[in-house]
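S.K.: Going by our numbering, the first residue of the sequence shown is number 217, and it counts up by one from there.
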Amino acid sequence: MTTPDDSYTRTRERFDSEAVARDYVAKKNSMESSKNLREMICITAALDGVGPGSRVLDLPCGTGRLAGMLLGRSYEVVAADYSLPMIEAAKAYRRETGLDATAQARLTFEQQDVMNTTFDDDAFDVVICNRLLHHYPSSETRRAVLAELARICRDRLVVSYYDSFALSALKFRLRNRLRGVTPTDRVPISSKIFRRDYESCGLRMVRKLPVRRGISPQTYLVLAKA
Ligand SMILES: C[S@@+](CC[C@H](N)C(=O)[O-])C[C@H]1O[C@@H](n2cnc3c(N)ncnc32)[C@H](O)[C@@H]1O
Numbered sequence: 217m218t219t220p221d222d223s224y225t226r227t228r229e230r231f232d233s234e235a236v237a238r239d240y241v242a243k244k245n246s247m248e249s250s251k252n253l254r255e256m257i258c259i260t261a262a263l264d265g266v267g268p269g270s271r272v273l274d275l276p277c278g279t280g281r282l283a284g285m286l287l288g289r290s291y292e293v294v295a296a297d298y299s300l301p302m303i304e305a306a307k308a309y310r311r312e313t314g315l316d317a318t319a320q321a322r323l324t325f326e327q328q329d330v331m332n333t334t335f336d337d338d339a340f341d342v343v344i345c346n347r348l349l350h351h352y353p354s355s356e357t358r359r360a361v362l363a364e365l366a367r368i369c370r371d372r373l374v375v376s377y378y379d380s381f382a383l384s385a386l387k388f389r390l391r392n393r394l395r396g397v398t399p400t401d402r403v404p405i406s407s408k409i410f411r412r413d414y415e416s417c418g419l420r421m422v423r424k425l426p427v428r429r430g431i432s433p434q435t436y437l438v439l440a441k442a
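The structure is reproduced here in structure tokens:
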């Protein structure tokens, strides 16, 4: 395992509280938000052709907003996160939104660290890593995470990152320049830099799905082993 840098440790600690988990459910689990809905549409499109019964890992699962959609597609789902408060909030959310017994039996929750999981090689048909990599400004950290996810993924890796080819990424850069600060979180990067990251982990791009092309930096890639 790579020596963790500040962003890795900071991101792990930041979500490791009940208050943050409560707030996250309210902000992120609602499909009334057009942003959340657009992300869900991209992730669903990234799963095109993944058949029922596939083993799918959602890491980090946060407060479990993908679980309903994944179970609805008849996958065997493992939802994992480092933060126990986030996992507890995800379980509570699942109980509140209701699941029949067969769906319930296809869902398990686990505490896992994305850089050092306890899963076997090729343990999952699909691994989804939603809204994590943009918290890591260094290639070294992103590569350590991507390498671990590639190791446990047999077929398809679905990842999101912040692409600098977007209007709001430009605003982000300008705002920080005017303030004279060097941002250390949610930093948009070029697709070229990100390509070097995943290619160095033996991955190639199969599909690119920007949430709002040229406007929002949030972008999904479907990656496969090269
Ligand atoms: C921005 S949230 C995204 C959650 C979820 N993927 C979503 O889109 O709703 C980031 C998540 O990463 C988790 N996390 C941070 N560092 C982690 C690590 N090293 N291993 C596993 N999970 C981690 C946090 O606990 C948090 O739930």
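Even glycine gets a Cβ: it sits at the ideal position worked out from N, Cα and C.
1) Have a look at residue 367 and residue 334 and give me their C-alpha separation to the nearest angstrom.
2) Here's a check: name, in chain order, each residue in its chain whose Cβ is nearer than 8 Å to the Cβ of residue 392, leaving out the five neighbours to either side.
3) Among the candidates 394, 262, 304 and 407, whose CA atom is the shortest distance from the CA of residue 382?
4) Whose C-alpha, out of 279, 349, 288 and 338, is nearest the C-alpha of residue 260?
5) Would you kindly report the start and end of the unbroken alpha helix (DSSP H) that includes residue 309?
6) From 315, 283, 353 and 306, pick the residue whose C-alpha is nearest to that of residue 239; which is it?
7) Below 8 Å, can you find three or more Cβ-Cβ pairs linking the region 273 to 290 to the region 233 to 253?
8) Can you tell me which residues form a DSSP beta bridge with residue 325?
9) By DSSP's criteria, residue 443 is part of a beta bridge. Which residues make up the other side?
10) Taking Cβ to Cβ, would you say residue 349 is nearer than 8 Å to residue 358?
M.R.: Checking against the coordinates, here is how it stands:
1) 11 Å
2) Annotation for residue 392: 398 and 399 place their beta carbon closer than 8 Å to its own, counting only its chain and skipping 5 residues before and after.
3) 407
4) 288
5) 300 to 313
6) The residue with the shortest Cα to Cα distance from residue 239 is 306.
7) yes
8) Beta-bridge analysis with DSSP links residue 325 to 295.
9) The question about residue 443 has no answer, for the chain in this structure spans 217 to 442.
10) Between residue 349 and residue 358, the C-beta gap is smaller than 8 Å, which places the two residues in contact.
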